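**Q** Sequential numbering from 84 applies to the sequence shown in the numbering used here.
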Amino acid sequence: MPRRATPRGENLRHALAQEAARIMAEHGIRDFLVAKRKAAERFGVHDGAVLPKNTEIEEALAAYQRLFGGTVYLETLQALRHAALSAMRRLREFEPRLVGAVLSGTATEHSPVQLHLFADCAESVVMRLIDLGWAHEVTEKRVRMSPERVLARPGLRFEIEDQPIEATVFPPEGIRQAPVSPVDGRPMRRASAPEVEALLDRRESVDDMTIGTCP
Numbered sequence: 084m085p086r087r088a089t090p091r092g093e094n095l096r097h098a099l100a101q102e103a104a105r106i107m108a109e110h111g112i113r114d115f116l117v118a119k120r121k122a123a124e125r126f127g128v129h130d131g132a133v134l135p136k137n138t139e140i141e142e143a144l145a146a147y148q149r150l151f152g153g154t155v156y157l158e159t160l161q162a163l164r165h166a167a168l169s170a171m172r173r174l175r176e177f178e179p180r181l182v183g184a185v186l187s188g189t190a191t192e193h194s195p196v197q198l199h200l201f202a203d204c205a206e207s208v209v210m211r212l213i214d215l216g217w218a219h220e221v222t223e224k225r226v227r228m229s230p231e232r233v234l235a236r237p238g239l240r241f242e243i244e245d246q247p248i249e250a251t252v253f254p255p256e257g258i259r260q261a262p263v264s265p266v267d268g269r270p271m272r273r274a275s276a277p278e279v280e281a282l283l284d285r286r287e288s289v290d291d292m293t294i295g296t297c298p
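(1) According to the Cβ coordinates, are threonine 191 and alanine 145 closer than 8 angstroms?
(2) Near aspartate 291, which residues of its chain fall below 8 angstroms by C-beta distance, leaving aside the five closest residues on each side in sequence?
(3) Check threonine 154 in the structure and name its three-state DSSP category.
(4) What residue ranges within the region 92 to 135 form continuous alpha helix (DSSP H) runs of no fewer than 4 residues, ordered along the chain?
(5) Which word fits glutamate 139, buried or exposed, when buried means at least 16 other C-beta atoms lie within 10 angstroms of its C-beta?
(6) Please return the same chain residues whose Cβ sits closer than 6 angstroms to the Cβ of alanine 250, not counting the five positions on each side in sequence.
(7) How should proline 254 be labelled, buried or exposed, when 16 other C-beta atoms within 10 angstroms of its C-beta is the threshold for buried?
(8) If you check the beta carbons only, do isoleucine 243 and serine 169 fall under 8 angstroms apart?
(9) Which runs of the beta strand (DSSP E), 3 residues or longer, sit entirely within the region 219 to 293?
(10) In three-state DSSP terms, what is leucine 174?
(11) So is glycine 257 buried or exposed if we call it buried at 16+ other beta carbons inside 10 Å?
(12) Should the region 208 to 223 be called in touch with the region 163 to 178, which here means at least 3 C-beta pairs below 8 angstroms?
(13) Looking at C-beta atoms only, is the number of pairs between the region 124 to 144 and the region 93 to 105 that lie closer than 8 angstroms three or more?
(14) I need the straight-line Cα distance from valine 128 to glutamate 109, nearest angstrom please.
(15) Short check: CB of asparagine 137 to CB of aspartate 284, under 8 angstroms?
Here is the structure:
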């Protein structure tokens with residue numbers, strides 16, 4: 084029979100989630116497990132049963148950004164999304180999709196823009212980057228397609244508008260099956276260029292409405 088969480092255990096779990104979120108925001112750590120372990124070490128916790136779920140840490144990270152990031156956080160997030168949209172428009176033949184923290188809104192100043200591209204071979208993406216005059220680095224990305232299946236996919240790193248971009252290249256049919264999210268184990272949320280543009284328009288409309296309002 085599973086143990087029921089005590090109020091003290093729940094409070095500790097909440098505190099660990101907040102500390103892990105702080106570590107991710109301030110130190111640029113992207114791995115939830117690493118942040119979780121560092122938080123546990125700081126609190127002297129050795130019982131894995133009280134460690135927070137990744138979803139709890141993501142929620143705490145979003146709250147941390149809103150509370151401590153303020154206007155700078157919102158401007159950083161908008162700049163990352165603008166860079167994502169700019170890259171997506173220039174790479175439209177590869178049906179780009181935005182994924183990760185920049186899409187979810189939990190990005191920190193250390194977060195890269197993460198894109199999924201779809202092509203028969205990664206070399207065609209490389210040739211396009213060369214045509215655009217973008218310096219790039221060829222990498223490899225391990226993506227989890229299911230709890231038991233992990234694949235190595237070609238990747239590319241480059242910059243646009245002074246923002247780092249990490250692109251993972253999938254075969255064309257890969258657009259129908261997203262990898263598993265490291266946050267909740269479900270298929271990753273993906274956004275097309277029009278969806279990213281709508282996100283930007285919605286945020287900027289909210290900002291416009293707040294200009295000149297009285298406290």
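All C-beta atoms, glycine included, are put in the ideal place defined by N, C-alpha and C. Because the structure is a prediction, the values reported are computed rather than measured.
**A** Taking the definition as stated:
(1) The sequence position of residue 191 within the sequence shown is 108, counting from 1. The sequence position of residue 145 within the sequence shown is 62, counting from 1. No, they are not a contact pair.
(2) For this step, residue 291 is matched to residue 208 along the sequence shown. Unreliable positioning characterises aspartate 291 in this predicted model, as indicated by a pLDDT of 44, which lies under 50. The coordinate reading is nonetheless provided below. There are no such residues.
(3) Against the sequence shown, residue 154 aligns to sequence position 71. Under the three-state reduction of DSSP output, threonine 154 falls in the helix class.
(4) Fully enclosed alpha helix (DSSP H) runs of 4 or longer: 115 to 126.
(5) In the sequence shown, the residue the question calls residue 139 occupies position 56. Under a 10 Å Cβ-count criterion, glutamate 139 is classified as buried, with 16 or more other Cβ atoms of the shown protein chains found around its own Cβ.
(6) The residue you call residue 250 lines up with position 167 of the sequence shown. For alanine 250, where only same-chain residues beyond five positions count, the Cβ hits under 6 angstroms are Leu198, Leu200 and Leu239.
(7) In the sequence shown, residue 254 corresponds to position 171, counting from 1. That one is exposed.
(8) Along the sequence shown, read from residue 1 onward, the residue named residue 243 stands at position 160. Along the sequence shown, read from residue 1 onward, the residue named residue 169 stands at position 86. By the CB criterion at 8 angstroms, isoleucine 243 and serine 169 fall inside the cutoff.
(9) Those beta strand (DSSP E) runs which fall completely within the region 219 to 293 and span 3+ residues are 219 to 229, 232 to 243 and 246 to 253.
(10) Within the sequence shown, numbered from 1, the residue matching residue 174 stands at position 91. DSSP places leucine 174 in coil when its eight states are reduced to three.
(11) Looking up residue 257 in the sequence shown gives position 174. Buried, since its Cβ has 16 or more Cβ neighbours within 10 Å.
(12) Yes: the two stretches touch, three or more of their Cβ pairs being nearer than 8 angstroms.
(13) In short, these stretches touch, since the Cβ pair count reaches three.
(14) Residue mapping note: residue 128 aligns to position 45 of the sequence shown, counting from 1. Residue mapping note: residue 109 aligns to position 26 of the sequence shown, counting from 1. Distance between the alpha carbons of valine 128 and glutamate 109 is about 21 angstroms.
(15) Your numbering for residue 137 matches position 54 in the sequence shown. Your numbering for residue 284 matches position 201 in the sequence shown. No, they are not a contact pair.
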